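Novice: Quick one: the structure is below, questions incoming.
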Amino acid sequence: MNSVKDGLNDWLNELIEEKDTTDKLLNNHITGMKLSQIKLSILDSAFSQIPNNDDMKKEFRRKFVEVHEMRHNELVEIYEERRLELIRQSRYLGKLIQHVEITIREY
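Residue numbers (my numbering): 3 to 109.
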């Protein structure tokens with residue numbers, strides 16, 4: 003490291019990378035929830051198209067619907083808390099980046 007400014011620039015780059023990673027995680031988290039909801043809708047639609055054969059409906063429900071419903075319910079339980087956590091993290095990093103950029107201009 004040659005100077006304080008170089009050190010601050012290195013830190014700035016690390017913060018920018020961390021914010022980009024956080025933003026990608028947030029987008030993936032939101033996309034995952036949307037995808038799960040769409041899958042449930044598709045499964046419900048497919049289930050309703052199965053002929054009124056109790057055994058077929060039970061088997062389809064057991065093999066596909068129940069498995070995905072369980073996964074979806076687990077996702078729902080953590081979704082909002084994780085989404086808010088990632089939003090806060092991104093905002094904090096954004097503010098920190100702004101302050102580091104301002105400080106770099108002073109050197």
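Where a beta carbon is used, it is the ideal one built from N, C-alpha and C, also for glycine.
Just so you know, these numbers come straight off a predicted model, no measurement behind them.
Which stretch, first to last residue, makes up the alpha helix (DSSP H) that contains Phe66?
Specialist: No alpha helix (DSSP H) contains Phe66, which DSSP labels as neither H nor E.
Novice: Which stretch, first to last residue, makes up the alpha helix (DSSP H) that contains Ile32?
Specialist: Val6 to Gln51
Novice: Do you know offhand how far Lys65's Cα is from Ile80's?
Specialist: Distance from the CA atom of Lys65 to the CA atom of Ile80, rounded to whole angstroms, is 24 Å.
Novice: State the CB to CB distance for the pair Leu28 and Leu88, rounded to an integer number of angstroms; the pair is presumed to be in contact (CB under 8 Å).
Specialist: Their Cβ separation, rounded to whole angstroms, is 4 Å, which keeps Leu28 and Leu88 in contact under 8 Å.
Novice: Is Asn55 helix, strand or coil when you go by DSSP?
Specialist: Asn55 sits in coil when the DSSP states are folded into three classes, being neither helix nor strand.
Novice: For Glu71, which of Asp56, Ser43 and Arg93 has the nearest alpha-carbon?
Specialist: Ser43
Novice: Between the region 6–15 and the region 44–52, do three or more beta carbon pairs fall short of 8 Å?
Specialist: no
Novice: Spatial neighbours of Asp25 within its chain, please: CB distance less than 6 Å, with the 5 preceding and 5 following residues excluded, ordered by chain position.
Specialist: Ser92
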